[in-house]
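Asker:
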Amino acid sequence: MAHDSRHVFPTLDDRWIVRKSGASRASKIFDKKAEAVAYAKTQALREHTDLYIHGKDGMVIDKPDLKISPRKMSYQVQETPDEDARNAKRQQTAD
Numbered sequence: 004m005a006h007d008s009r010h011v012f013p014t015l016d017d018r019w020i021v022r023k024s025g026a027s028r029a030s031k032i033f034d035k036k037a038e039a040v041a042y043a044k045t046q047a048l049r050e051h052t053d054l055y056i057h058g059k060d061g062m063v064i065d066k067p068d069l070k071i072s073p074r075k076m077s078y079q080v081q082e083t084p085d086e087d088a089r090n091a092k093r094q095q096t097a098d
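Numbering follows our numbering, with no gaps: position 55 of the sequence shown is 58.
(1) With DSSP collapsed to three states, give me the class of L48.
(2) Grab me the residues of A43's own chain with a C-beta within less than 7 Å of its C-beta, minus the 5 sequence neighbours each way, in chain order.
(3) List the DSSP bridge partners of Y55.
(4) From H51 to A39, what distance separates their C-alpha atoms?
(5) So A47 and L69 are in contact, right, with Cβ under 8 Å, and what is the actual spacing, rounded?
(6) Should I56 be labelled buried (16 or more other beta-carbon atoms within 10 Å of its own) or exposed?
(7) Based on the DSSP secondary-structure assignment, which residues constitute the bridge partners of K23?
(8) First and last residue of the beta strand (DSSP E) that includes D65?
(9) Can you look up K31 in the DSSP assignment and give me helix, strand or coil?
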């Protein structure tokens, strides 16, 4: 699962970057850590990968447990014609 994981790193100018594993450039740069983490979580969930949050020393300080919540699915019940209407239709086609 950690193949194309997402990483959040602080920068020297107190900003935060999100980077994909193996990438040399940042995917996106943020002013706040919370914004960077939220973006990285969205990307990691979409790509079914892990997320690692790094400290100023480069060490991993957090690895949130990302779980995909089941989507609410709505089903529409189709109205079926009542028995009399079906029988009348059958009668017409038989004649």
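By construction, the Cβ of each residue, glycine as well, lies at the ideal position given by its N, Cα and C atoms.
Answerer: To lay it out plainly:
(1) Along the sequence shown, one-based indexing puts residue 48 at 45. The answer is helix: DSSP assigns L48 an H, G or I state.
(2) Here residue 43 refers to the residue found at position 40 of the sequence shown. Within the same chain, R9, V11, V21, L54 come within 7 Å of A43 by CB-CB distance, once the 5 residues on both sides are set aside.
(3) As a working note, residue 55 is residue 52 in the sequence shown. Y55 is bridged to H10.
(4) Here residue 51 is taken as the residue at index 48 of the sequence shown, counted from 1. Here residue 39 is taken as the residue at index 36 of the sequence shown, counted from 1. H51 and A39: Cα-Cα distance of roughly 18 Å.
(5) Sequence index remark: in the sequence shown, residue 47 carries index 44 (1-based). Sequence index remark: in the sequence shown, residue 69 carries index 66 (1-based). The pair is a contact, with the Cβ atoms about 6 Å apart (cut-off 8 Å).
(6) Here residue 56 corresponds to residue number 53 of the sequence shown, with the count starting at 1. Answer is buried; the Cβ neighbour count reaches 16.
(7) Looking up residue 23 in the sequence shown gives position 20. K23 pairs with R9.
(8) What you label residue 65 is simply residue 62 of the sequence shown in a count that begins at 1. Here the beta strand (DSSP E) through D65 covers 63-65.
(9) Position 28 of the sequence shown holds residue 31. Strand at K31.
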